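Numbering (our numbering), first residue to last: 1 to 152. All C-beta atoms, glycine included, are put in the ideal place defined by N, C-alpha and C. Here the structure is a predicted model, which is why all the values come from computation and not from measurement. Reading through the structure tokens given below for one structure.
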Amino acid sequence: MRDANLAGESLSTGPAEAPDTIRVLVAKLGLDGHDRGAKVVARILRDAGMEVVYTGLYKTPKDVVQAAIQEDVDVIGVSLLSGSHVPLFRELGRCLREEGAGHILVVAGGVIPEQDYPALLEGGVDAIVPQEARSDLIVTTITDLVTARGRI
1 MRDANLAGES LSTGPAEAPD TIRVLVAKLG LDGHDRGAKV VARILRDAGM EVVYTGLYKT
61 PKDVVQAAIQ EDVDVIGVSL LSGSHVPLFR ELGRCLREEG AGHILVVAGG VIPEQDYPAL
121 LEGGVDAIVP QEARSDLIVT TITDLVTARG RI
């Protein structure tokens, strides 16, 4: 797992990954200060063979998009528990489009009521993983999205 320094550097904790390795940026948007779940997901993805970059807490959608572009990731995974998921994901989608990075997939997770799923999908989220999801569902969701895009 790597930590992204949004000032322009990345700190690597391992060797460079193979070209067909799925690259995921795990992010926490807004004022949501609970990152235990995001760190668990990052570890699950790393253990599944993906290269993972974790942004840390309190990032803006623009910060996350800039890090995703810099790190050349396939997927942005965002965990939210704060209840502000609809406006934050809309802004994330807008930032991705503005930066010409609409090819980066977005996966939402955390505490998200099912009635909000349509708004998130309309805002640019490609998949939503429910809070109680098992680790195999998280890995499969990301692998299937990236495979469907023809990336691996």
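Item, Value
"Same chain only: Cβ atoms within 6 Å of Val125, ignoring 5 sequence neighbours per side", "Phe89, Val106 and Ala108"
"Contact check, Ser135 vs Gly110, beta carbons under 8 Å", "no"
"Contact check, Leu92 vs Lys59, beta carbons under 8 Å", "no"
"8 Å Cβ shell around Ile44 - same chain, five flanking residues per side excluded", "Ser135, Ile138 and Val139"
"Counterpart residues of Val41 in DSSP-defined beta bridges", "DSSP output for Val41 lists no bridge partner at all."
"CB contact flag (Val73, Ile104, <8 Å)", "yes"
"Coil, strand or helix - Glu51 by DSSP", "strand"
"For Leu62, the three-state DSSP class (helix, strand or coil)", "Looking at the sequence itself, residue 62 is Lys, so the reference to Leu does not match. Helix at Lys62."
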